[in-house]
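The opening position of the sequence shown corresponds to residue -1 in my numbering, with each subsequent residue numbered one higher. Each residue gets a CB set at the ideal place from its N, CA and C atoms; glycine is no exception. Note that the coordinates shown come from a computational prediction; the quantities given were computed from them, not determined experimentally. To start, the structure itself, in structure tokens.
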Amino acid sequence: MKESFARRVGGFGLGTAISRILGLLREMTFAYLFGAGMMMDSFRIAFNIPNLLRDLFSEGSLSAAFLPIFSDYESKRGKKEAFRFTGYVFNVLLLFIGALVAIGMVFSPQIVRTIAYGFTKDPEKLALTIHLTRIIFPFVVFMVLSALTMGILNFYNHFFTTGSAPALFNIGIIGCGFIISPFLIERGIPPILSIAVGVLVGAFLQLLMQIPYFIKSGFRLLKGINFREKGLLRLLKIMIPIEFSYAVTRINVMVNMFLASLLVEGSVSYLGYAMRLMQLPIGVLGMAVATVTLPDAARLVSESKDEEVIKTFSRSIRFVFFLTIPASVFLFILRVPIVGLIFERGAFTIQDTLFTSQALACYSLGIFAMSSSRVVTSIFYAYKDARTPMVLSIFTVILNITLSLILMRVLFFRGLALAASIASIFNLTILMCFLRKKLKNIDEKRILNDFLKIVVASGLSGGAVFGLLLYLKGLLIFSRPLNFLIESIGLFIIGGIIYLIISRILGVESIKHIKFQWRR
């Protein structure tokens, strides 16, 4: 079990790492071509509006509701019945999401004015944002269907495929940005439209990559929809609270974008660039563990093996702590060289580096909590309990918005990032408390013991990295990009080695996964 878990996490993590690296190249493309000005602000808002639908139906929520039911079908009725049910779900999603996209395109002006009220003071900026929103909206259809295929492929352990598929999404955007934007500039058309077209192309490519594996697994298209299928009703009952929970979270993001639009120009972009960097460890590390945990837990719940579920959770949460706490520390300390290395070129200035790194510092404080919360909620979803995470998410969002309104008065855009981190730590804490109440025992002593050791190891290795960073400041006389390269990548590697050594000395249990994979 340990070997299978570590290898599957590694497979999904590797695939996701490829996708996230290309995601950083995508952000570098944005920074090079558009910097942090008016066009980038418009795109960030325009993308976030349809992306809300994408997140509601694809960012783990669809798999969280679908996989436990699919697991029941396969174990009790057989694979053929499980894929018949999948065919009905595919058709329902195509019909429902298509209708929502059409409505969104029609009412884009009203939605943009509500979400980015600050843009109403600039008619040109508002008009561009509305136009971009309408172009981007259809990508939701491709992404939601892609999420369904990902869920099935994860169930059958195709973790590298599902982890790397989003790479094509980023390739589509990067390619269109460099190929189409020069033609648009020659014709006096805003070149940011090339990125919007790239979103559509990339989403289609991401779905297309998975289709052969999806069909090979057993999927076949069905004609029509059998609304009397009991599985559809069960799926609906589970999805409603999950979608509500995700909606609350995404609305919170939109509120932050609304608040950022009221601040100085560039605030939306600073937060956007910083959020992309923050999502790298969350996606590569946290999401990898959570994605592997859900199908494991769903199978164990179907077989009524509660003790094994507890062991699975304990192993997963400790492994997430082991990976993400040091990542949070290193990202905080090396924020300036990392932002400078990735973004500082073209239209992205030194001042943009400074402000983006400040937002990243505030976001980095909550990386471990945001990653770990995904693992905790996956256990709730395995038990088909979507109500508890939903209710708790409401309290988290209320706290986040309250803190945002308070902190933005003093820290401006930095306050919005800091509020998100504080709220995420609160969310993880209450999720853990309610999970313990549900399962009676979550192996908390073992989890807390590893957590404290990991914090100590991360603090000591982070202190070493900080000391080396200060030392190198007076020695490095190369060009600014080369200095950034040495400081960020070099010190990250050194810090990682120091962290592993200290973790081994302190007896952190999760290091066994790394040791086992090394021997393989």
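Query, Result
"Pairwise C-alpha distance: R478 and S486", "12 angstroms"
"Coil, strand or helix - L220 by DSSP", "coil"
"D120 to G344 span [Cα, whole Å]", "25 angstroms"
"Nearest residue (CA-CA) to P180, options I19, L31 and G493", "L31"
"Straight-line gap, K0 to R82 (C-alpha atoms, nearest Å)", "With a pLDDT of 44 at K0, under the threshold of 50, the predicted position of this residue should be treated as unreliable, and no value is reported."
"Residues of its chain near G457, where Cβ-Cβ distance is below 8 angstroms and the 5 sequence neighbours each way are ignored", "V327"
"Contacts around T127, its chain only, beta-carbon distance under 7 angstroms, and the 5 residues preceding and following it disregarded", "S40, I43, A44, V110, A114 and F117"
"S402 CB to nearest heavy atom of the ligand FMN below 6 angstroms", "As for the ligand FMN, it is missing from this structure, which has no ligand bound."
"Rounded straight-line distance, which links the Cα of I484 to that of M38", "29 angstroms"
"Nearest to N481 (by Cα), restricted to the options A272, Y154, Y361 and E342", "E342"
"Q515, DSSP secondary structure in three states", "Residue placement at Q515 cannot be trusted, given a pLDDT of 46 that sits under 50; what the coordinates show is reported in the next sentence. Looking at Q515 - three-state DSSP - the assignment turns out to be helix."
"Simplified DSSP assignment, three categories, for T347", "coil"
"Selected residue, minimal CA-CA separation from I452, among D70, L467 and Y497", "Y497"
"Closest Cα partner of A29 within the set F167, C431, T160 and I193", "I193"
"Whole runs of the alpha helix (DSSP H) within the segment 263 to 297, excluding any shorter than 4 residues", "265 to 279"
"Contact check, A286 vs F88, beta carbons under 7 angstroms", "no"
"Presumed contact (8 angstroms Cβ cut-off) between L54 and Y361, rounded CB distance", "Between Y361 and L54 the Cβ distance is about 22 angstroms, and since that is not below 8 angstroms, they are no contact."
"Burial state of K235 (16 or more Cβ within 10 Å)", "exposed"
"Cβ-Cβ separation, F167 to L124 (assumed contact under 8 angstroms), whole Å", "L124 to F167, Cβ: 27 angstroms. No contact."
"7 angstroms CB neighbourhood of M26 in its chain, flanking five on each side removed", "I340 and F341"
"T322 beta carbon less than 7 angstroms from that of L283", "yes"
"Alpha-carbon spacing of S300 relative to P66, whole angstroms", "8 angstroms"
"Beta-carbon spacing of V408, D448 below 7 angstroms", "no"
"Given F153 as reference, the closest of I499, N439 and S73 once Cα atoms are compared", "S73"
"Inter-residue spacing [alpha-carbon to alpha-carbon] between R232 and L22", "39 angstroms"
"Cβ distance (whole Å) where S162 is taken to contact S17 below 8 angstroms", "6 angstroms"
"Cβ shell of F424 (< 7 angstroms), same chain only, five flanking positions each side left out", "T394 and L397"
"Cβ-based neighbour list, R333, same chain, cut-off 6 angstroms, excluding 5 preceding and 5 following", "S355, L358 and A359"
"Alpha-carbon to alpha-carbon, V90 and S61", "15 angstroms"
"Alpha-carbon to alpha-carbon, P210 and A417", "43 angstroms"
"R444 versus V373 - alpha carbon distance", "17 angstroms"
"CB-CB length for A63 against M237, believed under 8 angstroms", "4 angstroms"
"N447 - DSSP class collapsed to helix/strand/coil", "helix"
"Contact set for R517: own chain, Cβ-Cβ below 8 angstroms, skip 5 residues either direction", "Unreliable placement is indicated for R517, whose pLDDT of 45 sits below 50; the coordinate value is still reported in the next sentence. So no residue of the chain qualifies."
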